[in-house]
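Colleague: Submitted below is the structure of interest, expressed as structure tokens.
Protein chains: 4
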Amino acid sequence: MSNQFSIEELLKLTDEDVKMSEKQKKVVEAAIEIFADKGFAAASTSEIAKKAGVAEGTIFRHYQTKKDLLFSIVMPTITTFIAPFLVRNFLQDVTKQNHQDLEQMLRFILENRYEFIKKNHPVIKILLQEVFFHEEFRGELRKVVLEHAVEKLKQLITHFQEKGEMVEMPPETVLRMIITTIMGFLIGRFIIMPDLDWDDEAEKEYTIQFLLHGLMKR
Amino acid sequence: MSNQFSIEELLKLTDEDVKMSEKQKKVVEAAIEIFADKGFAAASTSEIAKKAGVAEGTIFRHYQTKKDLLFSIVMPTITTFIAPFLVRNFLQDVTKQNHQDLEQMLRFILENRYEFIKKNHPVIKILLQEVFFHEEFRGELRKVVLEHAVEKLKQLITHFQEKGEMVEMPPETVLRMIITTIMGFLIGRFIIMPDLDWDDEAEKEYTIQFLLHGLMKR
Amino acid sequence: MSNQFSIEELLKLTDEDVKMSEKQKKVVEAAIEIFADKGFAAASTSEIAKKAGVAEGTIFRHYQTKKDLLFSIVMPTITTFIAPFLVRNFLQDVTKQNHQDLEQMLRFILENRYEFIKKNHPVIKILLQEVFFHEEFRGELRKVVLEHAVEKLKQLITHFQEKGEMVEMPPETVLRMIITTIMGFLIGRFIIMPDLDWDDEAEKEYTIQFLLHGLMKR
Amino acid sequence: MSNQFSIEELLKLTDEDVKMSEKQKKVVEAAIEIFADKGFAAASTSEIAKKAGVAEGTIFRHYQTKKDLLFSIVMPTITTFIAPFLVRNFLQDVTKQNHQDLEQMLRFILENRYEFIKKNHPVIKILLQEVFFHEEFRGELRKVVLEHAVEKLKQLITHFQEKGEMVEMPPETVLRMIITTIMGFLIGRFIIMPDLDWDDEAEKEYTIQFLLHGLMKR
DNA sequence: AATGAATGAGGATTCATTCAT
DNA sequence: TATGAATGAATCCTCATTCAT
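Protein chains in written order, with the numbering used here: chain V, 1 to 218; chain C, 1001 to 1218; chain L, 2001 to 2218; chain P, 3001 to 3218.
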């Protein structure tokens, strides 16, 4: 289980950002804004430099290429996005502790990722936009999602199916429904129509209810 | 109801493309392939010309700018994608004729859009990738989706709710679940993981079942 | 005197234009307008074709290159512009017939060239604009102006000086004053400020008076 | 009189060019040479770069467009060319000090502009060639010439007419004669036939004599 | 560490000219 | 004779990246 980390270890990775100089932080902020706005290919380093208030050359002191800058922004977010499912005791937490049933798990995942995207939606937007164009992102996603999170979640689904709480569909299909429904909500909410006047709590509740009834044992 | 067309009228519009010369068709084909592959901004006209087997100038004889080429490819697909919901008698078809219940409607929509995306997934992929970067696409989508399809579908949902077949949620939310679930399936199937070995008929059935149970009156 | 023509012969040259087809005439008209407006280098053959209402290829059926089209327009005008001074009996006309004195000659030249430019100012404008960039124009001008007109006019000036009617300056210098003054008026009048409200008769008279007093024997 | 400057102020503006880097100076020199030689539209930035010994991109680091490069060369020359007439005490200098009569004034203007064009004829050539094609040049000329120089010179002409030294023609017409004659000389001397073997002092003297007699009270 | 001038490869686009119809 | 699709070289300009200061 070498690919599993404690929350503390994961946070440590993120905290390494603290080492960044003031200028470097400005560069990253500007890059996130501009990448999210017009896409990686259409963003120019000179525009980023201008918005960050640094010289053009400064960017390349910290990042060897424009692509490195993109990766340094998106890659950690991929990991962090999947982090809850990588954490060593996620499965036990859900099955043995207080999240004892399906509903608890769905609520936990939705709430948890809702908060995450609320804070990180610009980077998530960049990821969504660029995932098509950079095999590296797909590779990283495959690694963290498919190889670890998926397996763990499929075990969980099987567990619920065995307990008789969940419909008998292939676990992959059930997973697809869950991801599709939750991500559909979050992407709609934060990426596609962030300016709409959402009643978040109500929508979360509807989403959970929809998932529960859609997946419950008949 | 001037914005509603018969299927015949819509098809007529598309058939006007037949006027394209052999070279022009080659250009469009190459452009679709390359735009889908690396995105509009990262695609170069010289690469498109080379793949199409024409001179670079030939592209600009038919399309004033690279952006025009993109639009000429994607815009008609936006319309066609929404077309079934624009057609004059869609609502009657579903409510009064043989599609008398929710299940029939969902099956109809899924099957219908499945076939469409099966044929047009490269262009749909381009649309998904570029919709973030071109206000014109969002504008067109807003026009055809929000102003026409949404209203009609919400009426339909209300209709099913009044008949007691459907859960009492805001029609917008129900619509979100339907779109999210169907599009989630189709995008996963054709855009994100087309190389996976899908059992399409089974997945369609699961998707319908998931939607039905998720949305059925409790 | 092989470079001297009768007025009839010169007009014959111009009449060869009659052979032009309707389309060709349209091309020439459009070309004159556009060359005069934006200059030869910035004018495009496709714009000329559009304005002329012909296909792009049609221009090249009549003129091998864009430059040929320019030359076919400007070259004859160079000749015609100098024509009065090339005509076999111009000198006799002025010195022996009714134009017996300096004033008569200056009036004749001014009036004569005034009418010419009034009719041909678009082509004269093109000539002025392009003479810097095409050695061929300078060559043609040198040929017709320097080799023939200048010699004849210098003889005339010497003639007036010998008669004691004209100041003792080098004939080249006198000629420069005459050309400068007359062309200065005509270019100002028709090329630089054609939209001003000129009192042409008064300005012609002032110009003649200025020349006469400037050049008269002291 | 906010549009009037001391000679010192005007020179200060020009001296700010000193800020140019070595490469930038090379670019400007090469551009002047090539614009003068083949005209703005027919000059290519790659040719300018090659002649300047810099990369093509270097041009665009200093000038956003090729047109900006042209303007940065010609615009200051327009101002400088008119500068003597804008200077605060030009009128007093001519009327009240040592240049008390018409002859002094004409000699002053001719000599002064002769030296100017001697130094700046390539840029003046560019201006003459391009003034037809760029409304901006005409606008700038109108501004500096018409609004300031013309009015002042017309006052001066009226002043001489009132003193009985000058012929009674409309001041605009007198001005036209002066400009036409002086510019005719300078353009002929430096732009059209710079290779001729001119006796400059003699020609200046003839030009002054011609103007004086042409404009003197009868 | 930071700057910003310089680079030069590559981009979209234009255009005179050709040629099959 | 006239057309207009096709060409491809050349154009202006952008941009990621380098490097001397």
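The C-beta atom is built at its ideal place from N, Cα and C for all residues, glycine as well.
Taking its Cβ as the centre, do 16 or more other Cβ atoms sit within 10 Å of Glu2056(L), making it buried, or is it exposed?
Modeller: Looking up residue 2056(L) in the third sequence gives position 56. Flag for Glu2056(L) reads exposed.
Colleague: What does Lys1038(C) touch in chain V if you count any residue whose Cβ is under 7 Å from its own?
Modeller: Mapped onto the second sequence, residue 1038(C) falls at position 38. Per Cβ cutoff of 7 Å: Phe133.
Colleague: What does His3159(P) touch in chain L if you count any residue whose Cβ is under 9 Å from its own?
Modeller: Indexing the fourth sequence from 1 puts residue 3159(P) at position 159. Neighbours of His3159(P) on chain L: none; closest Cβ ~19 Å, over 9 Å.
Colleague: Going along the chain, which unbroken runs of the alpha helix (DSSP H) with 4 or more residues stay wholly within the segment 3150 to 3197 of chain P?
Modeller: Counting only runs of 4 or more, we get 3151 to 3162, 3171 to 3186.
Colleague: Along chain V, in chain order, which residues have C-beta atoms closer than 7 Å to that of His1240(C)?
Modeller: Because chain C is modelled from 1001 through 1218, residue 1240(C) falls outside the range shown and cannot be assessed.
Colleague: By the criterion of Cβ-Cβ separation under 7 Å, what are the contact partners of Ala2042(L) in chain P?
Modeller: Here residue 2042(L) refers to the residue found at position 42 when the third sequence is read from its first residue. Near Ala2042(L) (Cβ distances below 7 Å), the residues of chain P are Ala3041, Phe3133.
Colleague: For a contact defined as C-beta to C-beta under 7 Å, what are the partners of Glu2203(L) on chain P?
Modeller: Here residue 2203(L) is taken as the residue at index 203 of the third sequence, counted from 1. Ordered by position in chain P, the residues that pass the 7 Å Cβ test against Glu2203(L) are Thr3173.
Colleague: Can you grab the Cα-Cα spacing for the pair Glu201(V) / Leu211(V), in whole Å?
Modeller: By 1-based counting over the first sequence, the position of residue 201(V) is 201. By 1-based counting over the first sequence, the position of residue 211(V) is 211. Going from the Cα of Glu201(V) to the Cα of Leu211(V) covers about 15 Å.
Colleague: To the nearest angstrom, report how far apart Arg1176(C) and Val1145(C) are at their CA atoms.
Modeller: The residue labelled residue 1176(C) in the question sits at position 176 within the second sequence. The residue labelled residue 1145(C) in the question sits at position 145 within the second sequence. So the two alpha carbons sit approximately 13 Å from each other.
Colleague: Rounding to the nearest angstrom, what Cα-Cα distance links Pro2194(L) and Glu2135(L) in this structure?
Modeller: Locating residue 2194(L) in the third sequence gives position 194, counting from the first residue. Locating residue 2135(L) in the third sequence gives position 135, counting from the first residue. About 28 Å.
Colleague: For a test of the three-state rule: what should DSSP assign to Met20(V), helix, strand or coil?
Modeller: For this step, residue 20(V) is matched to residue 20 along the first sequence. The answer is coil: DSSP assigns Met20(V) none of H, G, I, E or B.
Colleague: Kindly give me the distance between the Cβ atoms of Ile124(V) and Ile191(V), rounded to whole angstroms, as I take these residues to be in contact under 8 Å.
Modeller: Here the question's residue 124(V) lines up with position 124 in the first sequence. Here the question's residue 191(V) lines up with position 191 in the first sequence. The pair is a contact, with the Cβ atoms about 7 Å apart (cut-off 8 Å).
Colleague: What residues of chain P sit near Gly2188(L), judged by a beta carbon separation below 8 Å?
Modeller: Counting from 1 along the third sequence, the entry for residue 2188(L) is found at position 188. Near Gly2188(L) (Cβ distances below 8 Å), the residues of chain P are Arg3176, Thr3180.
Colleague: With 16 as the cutoff for other CB atoms within 10 Å, does Gln2064(L) come out buried or exposed?
Modeller: Along the third sequence, read from residue 1 onward, the residue named residue 2064(L) stands at position 64. Answer is exposed; the Cβ neighbour count stays below 16.
Colleague: For chain P, find out if any of its Cβ atoms is closer than 8 Å to the Cβ of Gly2214(L); answer yes or no.
Modeller: Sequence index remark: in the third sequence, residue 2214(L) carries index 214 (1-based). True, the Cβ-Cβ gap to chain P drops below 8 Å.
Colleague: If you draw a straight line from the alpha carbon of Ala2030(L) to that of Asp3068(P), how long is it in whole angstroms?
Modeller: As a first step, residue 2030(L) must be located in the third sequence, where it is residue number 30. As a first step, residue 3068(P) must be located in the fourth sequence, where it is residue number 68. For Ala2030(L) and Asp3068(P), the distance between alpha carbons rounds to 30 Å.
Colleague: Which stretch, first to last residue, makes up the alpha helix (DSSP H) that contains Thr58(V)?
Modeller: On the first sequence, residue 58(V) is found 58 positions in, with the first residue counted as 1. Start and end: 56 to 62.
Colleague: Do the segment 3137 to 3155 of chain P and the segment 2146 to 2163 of chain L touch if we need at least three Cβ pairs shorter than 8 Å?
Modeller: Judged by Cβ distances under 8 Å, the segment 3137 to 3155 of chain P makes no contact with the segment 2146 to 2163 of chain L, as fewer than three pairs qualify.
Colleague: On the DSSP bridge list, what partners appear for Met2216(L)?
Modeller: Stepping through the third sequence from its first residue, residue 2216(L) is reached at position 216. According to DSSP, which records beta bridges pairwise, Met2216(L) is partnered with Met2166(L).
Colleague: Assuming Ile3059(P) contacts Ala3049(P) under a Cβ cut-off of 8 Å, what Cβ separation, rounded to an integer in Å, is found between them?
Modeller: Here residue 3059(P) is taken as the residue at index 59 of the fourth sequence, counted from 1. Here residue 3049(P) is taken as the residue at index 49 of the fourth sequence, counted from 1. Confirmed, about 6 Å.
Colleague: Kindly list the residues whose CB is nearer than 8 Å to the CB of Ile3073(P), restricted to its own chain and excluding five residues on each side of it in sequence; keep chain order.
Modeller: Position 73 of the fourth sequence, counted from the start, is the residue given in the question as residue 3073(P). Around Ile3073(P): Val3028, Ala3031, Ile3032, Phe3035, Val3123, Ile3126.
Colleague: In this structure, how does DSSP classify Ala1043(C) when only helix, strand and coil are distinguished?
Modeller: Taking the second sequence and counting its residues from 1, the one referred to as residue 1043(C) is at position 43. Of the three classes helix, strand and coil, the one that applies to Ala1043(C) here is coil, per DSSP.
Colleague: Could you check if Glu3022(P) is buried or exposed, using at least 16 other CB atoms within 10 Å of its CB as the buried criterion?
Modeller: Here residue 3022(P) refers to the residue found at position 22 of the fourth sequence. The residue in question, Glu3022(P), is exposed, as its Cβ has fewer than 16 Cβ neighbours within 10 Å.
Colleague: Is Leu1153(C) close to chain V, meaning its C-beta is less than 8 Å from at least one C-beta of that chain?
Modeller: In the second sequence, the residue the question calls residue 1153(C) occupies position 153. Leu1153(C) does not count as touching chain V.
Colleague: Does any residue of chain L bring its CB to less than 8 Å from the CB of Ile3208(P)?
Modeller: Taking the first residue of the fourth sequence as 1, we reach residue 3208(P) at position 208. Not one chain L Cβ lies under 8 Å of Ile3208(P).
Colleague: Count the other C-beta atoms from every protein chain shown that fall within 10 angstroms of the C-beta of Arg2218(L), then say buried if there are 16 or more, exposed otherwise.
Modeller: Position 218 of the third sequence holds residue 2218(L). Classification of Arg2218(L): exposed, given that the 10 Å Cβ count is below 16.
Colleague: Take Pro76(V) as the anchor and find which of Leu141(V), Trp198(V), Leu196(V) has the nearest alpha-carbon.
Modeller: Here residue 76(V) is taken as the residue at index 76 of the first sequence, counted from 1. When only C-alpha atoms are compared, the closest one is Leu141(V).
Colleague: Which residues in the same chain as Phe2040(L) place their Cβ atom closer than 7 Å to its Cβ, once the five residues preceding and following it in sequence are excluded?
Modeller: Sequence index remark: in the third sequence, residue 2040(L) carries index 40 (1-based). Excluding residues within five positions, the ones whose Cβ falls inside 7 Å are Leu2070, Glu2130.
Colleague: Pop quiz: Ala1052(C) and Lys1019(C) are said to be a contact at Cβ under 8 Å. What is the actual Cβ separation, rounded to whole angstroms?
Modeller: What you label residue 1052(C) is simply residue 52 of the second sequence in a count that begins at 1. What you label residue 1019(C) is simply residue 19 of the second sequence in a count that begins at 1. Contact doesn't hold; Cβ gap of about 18 Å is too wide.
Colleague: If contacts are defined as beta-carbon pairs under 8 Å, then Leu102(V) and Met166(V) qualify, I think. What distance do you get, rounded to the angstrom?
Modeller: Translated into the one-based positions of the first sequence, residue 102(V) becomes position 102. Translated into the one-based positions of the first sequence, residue 166(V) becomes position 166. Leu102(V) to Met166(V), Cβ: 6 Å. Contact.
Colleague: Report yes if the CB atom of Leu1110(C) is closer than 8 Å to the CB atom of Lys1204(C), and no otherwise.
Modeller: The residue given as residue 1110(C) occupies position 110 in the second sequence. The residue given as residue 1204(C) occupies position 204 in the second sequence. Taking 8 Å as the Cβ cut-off, Leu1110(C) and Lys1204(C) qualify as a contacting pair.
Colleague: By Cβ distance, which residues of its chain are closer than 6 Å to Met3001(P), with the 5 residues on each side in sequence left out?
Modeller: Along the fourth sequence, read from residue 1 onward, the residue named residue 3001(P) stands at position 1. For Met3001(P), the predicted structure reports a pLDDT of 41, less than 50, and the residue's modelled location is therefore unreliable. A value from the coordinates is still provided. Counting only Cβ-Cβ distances below 6 Å, and skipping sequence neighbours, we find nothing.
Colleague: Go ahead and pull the three-state DSSP assignment for Phe1133(C).
Modeller: The residue given as residue 1133(C) occupies position 133 in the second sequence. Coil.
Colleague: How big is the Cα-Cα spacing for Thr2181(L) and Glu3151(P)?
Modeller: To locate residue 2181(L), count along the third sequence from 1; it is residue 181. To locate residue 3151(P), count along the fourth sequence from 1; it is residue 151. Each residue's Cα considered, the two are about 22 Å apart.
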